[in-house]
Amino acid sequence: MTAYLANLATLAAIFGILAATLNVAVGYAGIFSVAHAVFFGLGAYAGAQLALLVVPDALLAMVVAALVAGGLSLCLALPALRVRGEYFVAASLGLQMMATTLFTEAKGLTGGMGGLVGIPRPMILGVEVPTLALALTALVLILLATWLMARGSFGRTLRAIRDAESAAEALGKNINAAKALAVAFACAGAGVAGALFALHMSFVNVESFTLDQSVLIMAMVIVGGTGTLWGPLLGAVLLLSLPAGLSFLPFIPPTEIGAVQQILYGAAMTLLMIFRPAGLLGDMRTGRKA
Amino acid sequence: MRLSRRALLGSAIAAPTLARAQGGDPYVLGTLFPLSGPNAEYGKVFTEGVQLAMQHAEAERMLRRPLRLQAEDTQALPQQAVVGMTKLVNVDRANYVMVGFTAVSKAVAPIGDRSKTVMVNGGAVGPDLAGLSPYFWNTIPLAHLETREMLPFMMRRNLKRVALVYVDDPLGDAILGIFRNDLPRAGGELVGSFSIPRTAQQFGPVAARIRQTRPDTVYIASFGAQQGQIIKGLRDNGVSVPLTSYSAMNLESIRNLAEAEGLLFTSQQTDFASGDELTRRYATDFKARFGSDPGTYNTNYYNATRLFCLLAGKLERENKEVNGDTLRAALLEQKEFDLVGGRATFDEQGSMTAAIQINEVRGGRVNVVTG
């Protein structure tokens with residue numbers, strides 16, 4: 001049972017990182033990206049290849065993954081600088097679809113649909129370490145960075161851009177630099193999560209980095225509460241533990257668990273949006289129409 | 001999906017009762033199948049095979065201890081599969097886990113390898129599944145073996161100019177390799193090969209390009225819900241030549257597709273009408289319980305479950321513990337087993353080879369064309 005719970009906690013921490021970093025873009029800067037799984041995938045492939053070809057050092061894998069994903073965040077930042085709102089959602093959707101195809105076709109780097117197998121377990125200085133400890137440490141550091149950022153002038157700038165971009169620009173804020181930095185931070189964090197995911201799973205393929213995954217991460221942020229520190233983490237834990245918890249309910253026949261999960265998922269999301277439109281920890285005033 | 005929910009519900013409720021009928025803690029048979037999402041039809045089909053084999057094992061008293069089915073929904077995705085496999089290994093203490101789908105198989109193989117839990121695939125046919133782990137076995141002939149058997153049949157039917165539509169994955173790549181290398185040697189010609197993304201749903205442009213190659217047959221190397229869409233897309237866009245494929249086509253949704261009339265596909269040999277007693281009883285009982293003729297996947301997972309019963313029964317008779325190591329040793333010691341469809345042979349990697357037959361879809365039924 002301990003190993004099972006540790007596995008769930010590891011995935012929750014990894015997805016907590018994903019949700020927390022997406023929250024910086026969505027919740028603070030108002031950049032609604034449905035391509036977060038792309039950067040998750042870039043980090044996963046970078047971390048996996050490093051572990052397979054060079055050394056399975058977890059810290060190095062996370063740094064390389066963050067650099068690759070953060071560096072390539074320009075792919076997302078460029079459209080973010082030109083369009084906003086629903087137009088940006090469409091642009092990020094295009095990026096997600098293009099990246100999924102690239103992940104499938106770039107077999108030399110990603111293994112294509114067959115994926116990368118036999119990724120070594122994470123090590124630090126030659127000693128194997130549990131992914132849970134690494135993931136929790138990374139999660140705490142990212143939450144701390146987010147908290148510090150939100151309290152500072154950069155956080156205020158992002159919120160100003162989110163609420164009234166033109167007004168923020170009129171006040172002399174460097175909109176482009178702030179957006180690009182927010183996107184780079186979010187994508188680098190997703191890269192770190194990707195490296196941890198690859199080292200934890202020992203196998204990655206494109207099916208973990210599709211639009212469905214991006215939507216799931218977005219759902220974690222929305223369910224928990226956008227623009228809050230703990231909301232996305234709560235959303236990640238909730239959306240990951242709900243299916244796991246349901247499989248223990250004795251009155252659901254095991255072969256019906258899939259259908260029951262989907263029904264409960266849908267019902268819970270609908271009820272949540274009715275009664276907590278701003279998310280579980282979100283500001284109730286921001287969720288409803290006046 | 002007729003009968004599915006009720007049948008599965010009934011058997012799930014009955015399972016604990018069956019478990020109490022025999023003594024001792026039950027052997028836990030875990031399944032990691034898609035029970036929701038676009039591939040849920042496969043999960044239902046796979047599970048039916050397992051359930052019937054459990055019913056037969058209980059009736060025959062093949063084991064001293066009862067059997068318990070523990071199903072986990074993977075949605076055919078690796079992440080969910082890892083969560084399910086970790087639960088099966090660490091919480092349910094599964095003795096034997098049945099899996100399907102390539103990505104799921106690859107994702108759970110390291111966990112099964114570390115815990116020395118036997119995993120058996122009866123659904124995915126990618127050639128890269130051979131040798132994933134000493135504890136990872138296949139009760140389905142991998143696709144490249146099936147495709148090779150199709151070539152002589154194609155030549156006899158004068159289907160010499162072949163166009164291939166394939167998903168760009170290890171399965172598709174392997175089949176493309178066979179058509180490039182083995183088809184010319186058999187006397188045929190690969191007149192066109194068309195790679196499609198796994199998520200593609202529109203096949204009009206592909207059909208137009210296929211028509212330009214003037215093939216005698218179009219071979220489809222895909223799986224899941226996409227198969228039916230390809231067949232419909234080709235027929236709707238004027239491709240009228242015979243369609244050929246492999247065992248993934250043996251699904252009710254394909255059989256009932258009007259456009260699939262005349263579809264030829266390979267599967268492992270199963271003579272339900274005049275085969276051995278085990279095969280005939282399987283076909284009769286399957287129809288009685290589920291209301292339809294069994295398909296390839298039903299059979300593969302029946303065989304996977306039966307294989308466990310045969311191996312565990314042997315170990316019980318020898319007063320040995322039933323675990324991953326002893327099951328593997330018993331498999332490698334015997335290697336040949338009487339399963340549905342006839343005698344099956346396992347190699348050192350735990351992959352099964354069996355005789356292949358060609359089937360044809362006619363009037364919503366699958367007819368054996370040649371063995």
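Chains as they are written, first to last, in UniProt numbering: chain A, 1 to 290; chain B, 1 to 371.
We put the beta carbon where it would ideally sit given N, CA and C, even for glycine.
Residue of B:T296, B:L327, B:R211 minimising C-alpha distance to G238 (chain B): Mapped onto the second sequence, residue 238 (chain B) falls at position 238. Comparing Cα-Cα distances from G238 (chain B) to each of B:T296, B:L327, B:R211, the minimum goes to B:R211.
L52 (chain B) burial status per 10 Å Cβ neighbour count (16 or more: buried): Indexing the second sequence from 1 puts residue 52 (chain B) at position 52. Answer is buried; the Cβ neighbour count reaches 16.
Distance CB(E360 (chain B))-CB(L257 (chain B)) smaller than 9 Å: As a position in the second sequence, residue 360 (chain B) is number 360, starting the count at 1. As a position in the second sequence, residue 257 (chain B) is number 257, starting the count at 1. Going by C-beta atoms, E360 (chain B) is not nearer than 9 Å to L257 (chain B).
In chain order, each alpha helix (DSSP H) run of at least 4 residues that lies wholly inside the segment 121–186 of chain A: For the segment 121–186 of chain A, whole alpha helix (DSSP H) runs of length 4 or above, ordered along the chain, are 131–151, 153–163, 165–170.
Y96 (chain B) (DSSP reduced to helix, strand or coil): Position 96 of the second sequence, counting from 1, holds the residue named residue 96 (chain B). DSSP places Y96 (chain B) in the strand class (E or B) of the three-state scheme.
Contact the segment 65–72 of chain A vs the segment 191–198 of chain A: 3+ CB pairs below 8 Å: The segment 65–72 of chain A is in contact with the segment 191–198 of chain A.
Supposed contact pair V28 (chain B) and R93 (chain B) - C-beta distance, whole angstroms, cut 8 Å: One-based indexing of the second sequence puts residue 93 (chain B) at position 93. One-based indexing of the second sequence puts residue 28 (chain B) at position 28. Right, the Cβ-Cβ distance comes to about 6 Å (below 8 Å), so this counts as a contact.
Assigned exposure category for L148 (chain A) - 16 Cβ within 10 Å defines buried: For the purposes of this step, residue 148 (chain A) is taken as residue 148 along the first sequence, with counting starting at 1. So L148 (chain A) ends up on the exposed side.
Residue-chain proximity (L270 (chain A), chain B), Cβ-Cβ < 9 Å: Against the first sequence, residue 270 (chain A) aligns to sequence position 270. For the record, residue 270 (chain A) in the displayed sequence is Thr; it is not Leu. Output row for T270 (chain A): interface = no.
Presumed contact (8 Å Cβ cut-off) between D113 (chain B) and L159 (chain B), rounded CB distance: Mapped onto the second sequence, residue 113 (chain B) falls at position 113. Mapped onto the second sequence, residue 159 (chain B) falls at position 159. About 42 Å; that fails the 8 Å criterion.
Burial state of K287 (chain B), where buried means 16 or more other Cβ atoms lie within 10 Å: Counting from 1 along the second sequence, the entry for residue 287 (chain B) is found at position 287. So K287 (chain B) ends up on the exposed side.
Cβ shell of residue 376 (chain B) (< 6 Å), same chain only, five flanking positions each side left out: In the structure as shown, chain B begins at 1 and stops at 371. Residue 376 (chain B) is therefore absent and cannot be evaluated.
Minimum C-alpha distance to L22 (chain A) - residue among A:R84, A:T226, A:F209: In the first sequence, the residue the question calls residue 22 (chain A) occupies position 22. Among A:R84, A:T226, A:F209, the Cα nearest to that of L22 (chain A) belongs to A:T226.
Nearest to A91 (chain A) (by Cα), restricted to the options A:A48, A:H36, A:I142: Sequence index remark: in the first sequence, residue 91 (chain A) carries index 91 (1-based). It is A:H36 whose Cα lies nearest to the Cα of A91 (chain A).
Straight-line gap, residue 400 (chain B) to T101 (chain A) (C-alpha atoms, nearest Å): The requested residue 400 (chain B) does not occur in the structure, where chain B is confined to residues 1 to 371.
Chain B contact residues for L196 (chain A), given Cβ-Cβ distances below 9 Å: Within the first sequence, the letter at position 196 stands for residue 196 (chain A). Below the 9 Å Cβ cutoff, chain B contributes no neighbours of L196 (chain A), its closest Cβ being approximately 13 Å away.
Minimum C-alpha distance to K232 (chain B) - residue among B:I254, B:D276, B:L307, B:E333: Here the question's residue 232 (chain B) lines up with position 232 in the second sequence. Closest by alpha carbon: B:I254.
Proximity below 9 Å, CB of S245 (chain B) to CB of T266 (chain B): As a first step, residue 245 (chain B) must be located in the second sequence, where it is residue number 245. As a first step, residue 266 (chain B) must be located in the second sequence, where it is residue number 266. Yes, these two residues count as a Cβ contact at 9 Å.
Inter-residue CB distance, V183 (chain A) and I31 (chain A) (contact presumed, cutoff 8 Å): Residue numbering aside, residue 183 (chain A) sits at position 183 when the first sequence is read from its first letter. Residue numbering aside, residue 31 (chain A) sits at position 31 when the first sequence is read from its first letter. 6 Å between Cβ atoms; contact.
DSSP state of Y135 (chain B) mapped onto helix, strand, coil: Start at 1 with the first residue of the second sequence, and residue 135 (chain B) comes out as number 135. Looking at Y135 (chain B) - three-state DSSP - the assignment turns out to be coil, as it is neither helix nor strand.
Interface partners of K87 (chain B) on chain A, CB under 8 Å: As a first step, residue 87 (chain B) is located in the second sequence; it is residue number 87 there, counting from the start. Here the neighbours are Y4, A244, S247.
Reduced DSSP secondary structure (H/G/I, E/B, other) of I356 (chain B): For the purposes of this step, residue 356 (chain B) is identified with residue 356 of the second sequence, where counting begins at 1. Secondary structure of I356 (chain B) (DSSP, three-state): strand.
Inter-residue spacing [alpha-carbon to alpha-carbon] between L240 (chain A) and G231 (chain A): For the purposes of this step, residue 240 (chain A) is taken as the residue at position 240 of the first sequence. For the purposes of this step, residue 231 (chain A) is taken as the residue at position 231 of the first sequence. Answer to the nearest angstrom: the Cα atoms are 14 Å apart.
Counterpart residues of T10 (chain A) in DSSP-defined beta bridges: By one-based count along the first sequence, residue 10 (chain A) stands at place 10. In the DSSP output, where bridge partners are listed per residue, T10 (chain A) has none listed.
Below-9 Å beta-carbon distance, F203 (chain A) vs any chain B residue: Sequence index remark: in the first sequence, residue 203 (chain A) carries index 203 (1-based). Answer yes: the Cβ-Cβ gap between F203 (chain A) and chain B drops below 9 Å somewhere.
Chain-ordered chain A contacts of E72 (chain B) [CB-CB under 7 Å]: Numbered from its first residue, the second sequence carries residue 72 (chain B) at position 72. Near E72 (chain B) (Cβ distances below 7 Å), the residues of chain A are S247.
Near-chain B residues of the segment 142–158 of chain A (beta-carbon distance less than 8 Å), N- to C-terminal order: Those residues of the segment 142–158 of chain A that come within reach of chain B (Cβ to Cβ, closer than 8 Å) do not exist; the list is empty.
Buried versus exposed call for Q261 (chain A) [16 or more other C-beta atoms within 10 Å across all chains shown]: Position 261 of the first sequence holds residue 261 (chain A). Buried, by the Cβ-count rule.
Every unbroken alpha helix (DSSP H) inside the segment 15–103 of chain A [4 residues or more]: You should have 36–53, 58–71, 74–82.
Residue-level contact to chain A via CB, A21 (chain B), 9 Å cutoff: Looking up residue 21 (chain B) in the second sequence gives position 21. Only weak support exists for where A21 (chain B) lies, its pLDDT of 45 falling under 50; the value from the coordinates is given anyway. Not an interface residue.
As assigned by DSSP and simplified to three states, the class of Q268 (chain B): The residue labelled residue 268 (chain B) in the question sits at position 268 within the second sequence. For Q268 (chain B), the secondary structure class from DSSP, reduced to helix, strand or coil, is strand.
Collapsed DSSP secondary structure at Y166 (chain B) in the structure displayed: The count along the second sequence starts at 1 and reaches residue 166 (chain B) at position 166. Correct three-state label for Y166 (chain B): strand.
Chain A contact residues for D128 (chain B), given Cβ-Cβ distances below 7 Å: Working through the second sequence from its first residue, we reach residue 128 (chain B) at position 128. Per Cβ cutoff of 7 Å: G114.
Test: G118 (chain A) CB closer than 9 Å to a CB of chain B: Stepping through the first sequence from its first residue, residue 118 (chain A) is reached at position 118. Output row for G118 (chain A): interface = yes.
Closest by C-alpha distance to A44 (chain A), when choosing among A:V68, A:P277, A:I142: The count along the first sequence starts at 1 and reaches residue 44 (chain A) at position 44. For the residues A:V68, A:P277, A:I142, the minimum Cα distance to A44 (chain A) belongs to A:V68.
Within 9 Å of chain B by C-beta, residues of the segment 159–188 of chain A in sequence order: Here the close residues number zero.
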